[in-house]
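Letter 356 of the sequence shown, counting from 1, is numbered 360 in the working numbering, and no numbers are missing.
No residue lacks a Cβ here, since even glycine has one placed at the ideal position from N, Cα and C.
Please read all numbers here as calculations on a predicted model, not as lab measurements.
A quick write-up on the structure given underneath.
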Amino acid sequence: MGFGQFLKKSFIDPFSSMERAMLYLCAFLGAFGSYGLLIYLAFDYTHDNLTPVVSFFMSKIVLSHIVIAPIILILIRRYLNGFVFAGLNVLQWAGMAGLAFAIGFINPLDPVHTFLIGLVISMITEPFFAVYQMMMIRLTTDKNRGHEVSMAELSLKVGIVSGSIAAGFMLTYLPGIVFLIFSAICLIIPTFLLAGMFMQKQNMDDKLTFMETAGMPMEQSGTVLVADRHVSFLAPFKLLFKDIPITLLTILQGGMSALVTIYAPIWLKFVGFSALATSLVLGMQITARFFVGPLTGWLYEKGKGQELFMSSLIFSASWILWLVLPPETAFVGSVVLWAIYTHMMNVGLDGRWYAGKTLEGMACREVCFGIGRLALLVGLIPLLNISFLIFFLGSAAVGLLFFLIALSLDTKRNVVKE
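Set out below in structure tokens:
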């Protein structure tokens, strides 16, 4: 493949579909809203006593990933109709109303209050990510999935960083409910747009199917999703045991990604960084991801899992910097490494889940994320009260564990075309 063709597959072909271009825009908006809410509240709830912020994330993790997200994805899988998507939008509006009502009465030092806020936030965020994952299955193609997923990851990261910077700025200079409501709307609107786009494509698929039965076969674009009311709500949990290596890797992926994004305000505030400084330095990740994106898509499509091995070693190296450099220098260096590692790991694993082409699989992925984020929340974050050294060493060890498990993964499964 020539260099020009390589760049075309990386930056132009992913936008060859108008629907995919809209999906990338919605990914940006949804990530902005989600991480705007999470980073703002995480900094606001982090104090010397970690109980309130841990309670907030316990609610957001256990209820979001292990309960709410799988239920939403299975409901979509079972019915795939406008009533389900309308219900998801109603759930989001109810969550936003609950947030606007409750925020004035919440005591940020009360773990029960922060737990309830985590539940309300889940009502707003999870419908978006469920519909987004559904559309990723629908619109990514076998011939260029690596680069299409890479572009989606870049869109998400731009949204994550933008939301994080906005949250840091607003919490520092203009604290209050306005930014939280704006972030919620950034989740509600793309959920509505993606659901409408899906219903439109479903109607087109029905017409193509009718024409095929009439003897006029037409090529369908993307993966066709079919409703199945017999799919069990326990299906995601059963899938945990179908492919143990990818399950374990996804569990670690969920925890590792949380450690450098939604959990970052907790330990960075302990180290001494402000919300605004943290958000601005996180902005450096966009540039790093832009350059690593094409390489990651190419490595994924080779089917050798090199992007996974490299990402785990980069993750571990990022924590070693904190042991040998001043905190300010270590933070700048590790942020760049986090951008590279997260992009490689997310494309490598998420691409394999999307290639499975089932909503049950995506629900299983959500459960894995919940387990991983819960494990690191209760296993690593409390180490901050003991020693920063132990916390950084423990974080580096997680990356090495990922590398060892990746050795047993069937890296070509769902990637290399026979």
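Is the beta carbon of residue i less than 7 Å from the beta carbon of residue j?
i, j, result
"Glu364", "Pro249", "no"
"Ile193", "Gln96", "no"
"Ala170", "Leu77", "no"
"Ile43", "Pro330", "no"
"Gly355", "Ile255", "no"
"Gly398", "Leu384", "yes"
"Leu303", "Cys30", "no"
"Val235", "Arg81", "yes"
"Phe396", "Leu387", "no"
"Phe47", "Ser159", "no"
"Leu252", "Ile65", "no"
"Val88", "Leu79", "yes"
"Ser338", "Leu327", "no"
"Leu341", "Ser322", "yes"
"Val296", "His347", "yes"
"Ala231", "Tyr83", "yes"
"Phe36", "Gly163", "yes"
"Met2", "Ile75", "Since the first and last residues shown for the chain are 5 and 422, residue 2 lies out of range."
"Cys368", "Leu243", "yes"
"Tyr345", "Ile318", "yes"
Am I right that residue i and residue j are in contact with their C-beta atoms under 8 Å? What's the rounded C-beta distance?
i, j, result
"Glu311", "Ala73", "With a Cβ gap of about 25 Å, Glu311 and Ala73 do not count as contacting."
"Gly425", "Val402", "Residue 425 is absent from the model: the chain starts at 5 and stops at 422."
"Tyr136", "Gly34", "6 Å"
"Lys13", "Asn148", "6 Å"
"Ser187", "Glu130", "At roughly 15 Å, the Cβ-Cβ gap does not stay under 8 Å, so Ser187 and Glu130 are not in contact."
"Met26", "Met203", "Contact doesn't hold; Cβ gap of about 14 Å is too wide."
"Pro18", "Pro56", "Contact flag wrong, Cβ pair sits at about 41 Å."
"Asn93", "Thr195", "6 Å"
"Phe452", "Phe335", "Outside the displayed span of the chain (5 to 422) sits residue 452, for which this structure offers no information."
"Lys205", "Glu332", "Between Glu332 and Lys205 the Cβ distance is about 49 Å, and since that is not below 8 Å, they are no contact."
"Leu184", "Leu103", "6 Å"
Practice prompt. Report yes or no: do the region 137-153 and the region 227-235 share at least 3 C-beta pairs separated by less than 8 Å?
Written response: Yes: at least three Cβ pairs fall under 8 Å.
Item to complete: Just list the alpha helix (DSSP H) runs in the region 90-123, keeping only unbroken ones of 4 residues or longer that don't cross its boundaries, in chain order.
Response: Correct list: empty.
Discussion item. So within the region 298-334, which uninterrupted alpha helix (DSSP H) runs reach at least 4 residues, ignoring any that extend past its ends?
Written reply: Residue ranges of uninterrupted alpha helix (DSSP H) with 4 or more members, entirely inside the region 298-334 and ordered along the chain, are 310-328.
Discussion item. With three or more C-beta pairs closer than 8 Å as the rule, is the region 350-365 touching the region 148-166?
Written reply: Yes: the two stretches touch, three or more of their Cβ pairs being nearer than 8 Å.
Worksheet item: Can we say the region 394-414 touches the region 260-279, given the rule of at least three CB pairs closer than 8 Å?
Response: As far as the Cβ criterion goes, the region 394-414 touches the region 260-279, which means the pair count is three or higher.
Fill in: Any 3 or more C-beta pairs closer than 8 Å across the region 99-108 and the region 48-61
No: the two stretches stay apart, fewer than three of their Cβ pairs being nearer than 8 Å.
Worksheet item: Do the region 115-126 and the region 55-71 make contact, defined as three or more Cβ pairs closer than 8 Å?
Response: Yes, they touch.
Worksheet item: Should the region 159-175 be regarded as contacting the region 314-334, the criterion being three or more beta carbon pairs within less than 8 Å?
Response: Put simply, the region 159-175 does not touch the region 314-334. Fewer than three CB pairs are less than 8 Å apart.
Discussion item. As an exercise, report each continuous beta strand (DSSP E) stretch of at least 3 residues that is fully enclosed by the region 334-391, in chain order.
Written reply: Whole beta strand (DSSP E) segments, 3+ residues: zero.
Discussion item. Suppose only complete runs of 4+ residues qualify. What are the alpha helix (DSSP H) ranges in the region 22-51, listed by chain order?
Written reply: You should have 22-49.
Discussion item. Restricting to runs no shorter than 4 residues, where is the alpha helix (DSSP H) found entirely within the region 234-287?
Written reply: Secondary structure within the region 234-287: the alpha helix (DSSP H) runs of 4 or more consecutive residues, fully enclosed, are 239-243, 248-263, 268-275 and 279-286 (chain order).
Worksheet item: Could you give the uninterrupted runs of the alpha helix (DSSP H) lying entirely in the region 147-182, keeping only those of 4 residues or more?
Response: Entirely contained in the region 147-182, the alpha helix (DSSP H) runs reaching 4 residues are, in chain order, 149-177.
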